[in-house]
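Visitor: For reference, the structure I am asking about is given below.
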Amino acid sequence: EPEVTQTPSHQVTQMGQEVILRCVPISNHLYFYWYRQILGQKVEFLVSFYNNEISEKSEIFDDQFSVERPDGSNFTLKIRSTKLEDSAMYFCASSEVRGAVGADGYTFGSGTRLTVV
Amino acid sequence: AQKITQTQPGMFVQEKEAVTLDCTYDTSDPSYGLFWYKQPSSGEMIFLIYQGSYDQQNATEGRYSLNFQKARKSANLVISASQLGDSAMYFCAVGSGNTGKLIFGQGTTLQVKP
């Protein structure tokens, strides 16, 4: 079964450092997403991406965040200058179609646990 | 705007019994999808079941079924014959038929007792 792959699974970084979280979406999927889950809290939408541009972003996705699809297979989330409150699990997801109206086409990765110290 | 409410922060169920996890939603999208995910302590999001807003029948996937009441905007998850491995956090989410964004509820922690 096709998977969304995220690397690394865990990352520890110092406050103020830049961090890049990587994702390889399912190959025939065209829509890509990042979500965040602070420990013990709900999963929150960060950003959606299609056709090499951001489709929608949440209030959380401020200027410290950016996304990129550098080479046609990877989808990355960059946090420019990490803060303690950026510590969370970050999930990548991809979907085949634009709307979330089909279970088969919406797949989450296993997440990257980011710890900012 | 979309909103999901899961009113049960924690639930207990005896092994082999059925349990219902509540979820109500609010959305202005005419087309939307409802998702349930399981999140074990390891952290990954495991897809359980999906219901489309235009689906006439309630979705079922093995021991999971979704009690979809569109007029009441509820999408409760029913787990039959609970197993110890069902102990986890469960999230309900509503997906926009337009944008693809998922909005999640706060989650319900389920503990299955032997």
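Residue numbers (my numbering), protein chains in the order written: chain Y, 1 to 117; chain A, 1 to 114.
We put the beta carbon where it would ideally sit given N, CA and C, even for glycine.
Just so we're clear, the structure is a prediction, and the values are computed from it rather than from any experiment.
Using the Cβ count rule (16 or more neighbours within 10 Å means buried), how would you classify R80(Y)?
Guide: Looking up residue 80(Y) in the first sequence gives position 80. So R80(Y) ends up on the exposed side.
Visitor: Indicate whether Q51(A) and G62(A) have their beta-carbon atoms separated by less than 8 Å.
Guide: If you number the second sequence from 1, residue 51(A) lands on position 51. If you number the second sequence from 1, residue 62(A) lands on position 62. Not a contact, by the Cβ cut-off of 8 Å.
Visitor: Rounded to the nearest angstrom, what separates T20(A) and I46(A) at their Cα positions?
Guide: For this step, residue 20(A) is matched to residue 20 along the second sequence. For this step, residue 46(A) is matched to residue 46 along the second sequence. Using only the alpha carbons, I get a separation of about 18 Å.
Visitor: With which residues is H29(Y) paired in a DSSP beta bridge?
Guide: The sequence position of residue 29(Y) within the first sequence is 29, counting from 1. Its beta-bridge partners do not exist; DSSP assigns none.
Visitor: Could you pull the DSSP bridge partners for F49(Y) from this structure?
Guide: The sequence position of residue 49(Y) within the first sequence is 49, counting from 1. Beta-bridge pairing links F49(Y) to F32(Y), I54(Y).
Visitor: Thinking C-alpha only, which one of F35(A), V78(A), G85(A), Q83(A) is nearest S65(A)?
Guide: Walking along the second sequence from the start, residue 65(A) turns up at place 65. Here the closest residue by C-alpha is V78(A).
Visitor: Please name the residue, chosen from F65(Y), K83(Y), F61(Y), F49(Y), that lies closest to G72(Y) on a Cα-to-Cα basis.
Guide: By one-based count along the first sequence, residue 72(Y) stands at place 72. Nearest option by C-alpha distance: F49(Y).
Visitor: Applying the criterion that 16 or more other CB atoms from any shown protein chain within 10 Å of the CB defines a buried residue, is Q37(Y) buried or exposed?
Guide: Translated into positions along the first sequence, residue 37(Y) becomes position 37. Buried: at least 16 other Cβ atoms inside 10 Å.
Visitor: For a contact defined as C-beta to C-beta under 7 Å, what are the partners of M15(Y) on chain A?
Guide: In the first sequence, the residue the question calls residue 15(Y) occupies position 15. None at all; the shortest Cβ gap to chain A is about 23 Å.
Visitor: Taking any Cβ of chain A, which residues in the segment 54-72 of chain Y have a Cβ under 8 Å from it, in chain order?
Guide: Within the segment 54-72 of chain Y, the residues whose Cβ lies closer than 8 Å to some Cβ of chain A are S55, E56, listed in chain order.
Visitor: Taking only three categories from DSSP, how would you classify D26(A)?
Guide: For this step, residue 26(A) is matched to residue 26 along the second sequence. Of the three classes helix, strand and coil, the one that applies to D26(A) here is strand, per DSSP.
Visitor: Taking the beta carbon of E44(Y) as the centre, do at least 16 other beta carbons fall within 10 Å, making it buried, or is it exposed?
Guide: Along the first sequence, one-based indexing puts residue 44(Y) at 44. It is buried - the Cβ of E44(Y) has at least 16 other Cβ atoms within 10 Å.
Visitor: Does the CB of Y90(Y) have a neighbour CB from chain A at under 8 Å?
Guide: The residue labelled residue 90(Y) in the question sits at position 90 within the first sequence. Chain A, which has no Cβ nearer than 8 Å to the Cβ of Y90(Y), makes this no.
Visitor: If we ignore side chains and look at the alpha-carbon of each, how far apart do Y101(A) and P30(A) end up?
Guide: One-based indexing of the second sequence puts residue 101(A) at position 101. One-based indexing of the second sequence puts residue 30(A) at position 30. Reading off the sequence, residue 101(A) comes out as Lys, not Tyr. Cα-Cα distance, rounded: 15 Å.
Visitor: Take the Cβ of Y90(Y) as the centre, count every other Cβ of all protein chains shown within 10 Å, and call the residue buried at 16 or more, exposed below.
Guide: Counting from 1 along the first sequence, the entry for residue 90(Y) is found at position 90. By the 10 Å Cβ count, Y90(Y) comes out buried.
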